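Chemist: Let me begin by handing over the structure; questions about it come next.
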Amino acid sequence: TPKPTAIEPAFCSDGRYHNKQRCLILCSRGVTSRFRHLLEDLRTLIPHHKKDSKLDVSKNQTGGIGAAVNEIAEMRGCNSVLFIECRKRKDAYLWLGHTGVGANASGASAGPSARFLIENIHTMDELRLTGNCMKGSRPLLSFDNNFDQREELKLLKCLFIDVFGTPRGHPKSKPFVDRVMGFYYADGKIWVRNYQIVEDHATNAKEAHTEKKLHGNTFSTSLVEIGPRFVLNPIRIFRGSFGGQTIFANEQYVSPNSIRSTTLKDKGRIYEERKTAQKKRKLRQEELVLPEDPLDSVFK
Numbered sequence: 028t029p030k031p032t033a034i035e036p037a038f039c040s041d042g043r044y045h046n047k048q049r050c051l052i053l054c055s056r057g058v059t060s061r062f063r064h065l066l067e068d069l070r071t072l073i074p075h076h077k078k079d080s081k082l083d084v085s086k087n088q089t090g091g092i093g094a095a096v097n098e099i100a101e102m103r104g105c106n107s108v109l110f111i112e113c114r115k116r117k118d119a120y121l122w123l124g125h126t127g128v129g130a131n132a133s134g135a136s137a138g139p140s141a142r143f144l145i146e147n148i149h150t151m152d153e154l155r156l157t158g159n160c161m162k163g164s165r166p167l168l169s170f171d172n173n174f175d176q177r178e179e180l181k182l183l184k185c186l187f188i189d190v191f192g193t194p195r196g197h198p199k200s201k202p203f204v205d206r207v208m209g210f211y212y213a214d215g216k217i218w219v220r221n222y223q224i225v226e227d228h229a230t231n232a233k234e235a236h237t238e239k240k241l242h243g244n245t246f247s248t249s250l251v252e253i254g255p256r257f258v259l260n261p262i263r264i265f266r267g268s269f270g271g272q273t274i275f276a277n278e279q280y281v282s283p284n285s286i287r288s289t290t291l292k293d294k295g296r297i298y299e300e301r302k303t304a305q306k307k308r309k310l311r312q313e314e315l316v317l318p319e320d321p322l323d324s325v326f327k
């Protein structure tokens, strides 16, 4: 029988720190507690991050938020950015992008960048799930088949790998792989989940023999969710960093302001219909005139 050939790795690593990715993680001023806790959870999941204080940019500043974030990233030496922007203390928008730091001195390769609406946020403390992993461990990034078929998802996949993929040999990372980050595309949105890899070893020889007979190993592997969990609704992908030519625009996206406006209009329409019905009923009662009964005055 031929001997099974060993699987050769895709590349031979010398164990040194080559992929020097640094991700700037910050948020705008005015974020609520839920968004702030989500930001802290993301910092826990990304050991190669650089943190900064809340960004407060005036409307009259040249370049707006994008210019301010790119300037901070250049000062901190970060080539990728994760920025949470809060609007009206209700809506959270996530920016992911490349700043071009370290590629060229001119920064000509800055971009692309993408903007998402964050929905269905559940933080680690809120979920209280049983999953647990070592802080700073490197994750396995899992993408479904849609990320290899749709062009805009191929680009977003590269952004997710650069931001959430911990570089090998990073000083703040641990040389363990004990968790999986899953990105799934469904209903036009990206569902993000974080799982722990759990290995259950057999307690005796009989269980080990049964497990090996069923699965080929003496232990079983399962996934336990850690958190956080959230849904990203893609809005737009730009060629540059926080701006530039639009590469992709989601035609199915509806802003939260439009949804709230429609809800209020529906409530106002219900109120108008109720008032109209009251007026019609009042007029109908006034028009109802009973004919005179000649026997009404008999017993008076």
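Using the working numbering, read the sequence shown as starting at 28 and increasing by one per residue. Even for Gly, the Cβ is constructed at its ideal location relative to N, Cα and C. Quick caveat, the model's predicted, so the values are computed rather than measured.
1. For residue 54, name the three-state secondary structure that DSSP assigns.
2. Would the region 62-80 and the region 198-208 be scored as touching if the rule is three or more Cβ pairs under 8 Å?
3. Since residue 175 contacts residue 181 with CB under 8 Å, what's their CB separation in whole angstroms?
4. If contact is defined by three or more beta carbon pairs under 8 Å, each pair taking one atom from either stretch, is the region 141-152 in contact with the region 260-274?
5. What would DSSP say about residue 90, mapped onto helix, strand or coil?
6. Along the chain, which unbroken stretches of the alpha helix (DSSP H) at least 4 residues long are found entirely within the region 170-242?
7. Work out the CA separation of residue 316 and residue 326 for me, nearest whole Å.
8. Measure from the alpha carbon of residue 115 to the alpha carbon of each residue in 55, 164, 67, then state which is nearest.
9. Where do the ends of the beta strand (DSSP E) carrying residue 146 lie?
10. If you reduce the DSSP assignment to three classes, tell me which class residue 289 lands in.
11. What does the alpha-carbon distance come out to for the pair residue 183 and residue 44?
12. Can you tell me where the alpha helix (DSSP H) with residue 331 in it begins and where it stops?
Modeler: Let me spell this out:
1. strand
2. yes
3. 7 Å
4. yes
5. coil
6. 178-191, 232-242
7. 23 Å
8. 55
9. 140-149
10. helix
11. 25 Å
12. Since the first residue shown for the chain is 28 and the last is 327, residue 331 is missing from the structure and cannot be characterised.
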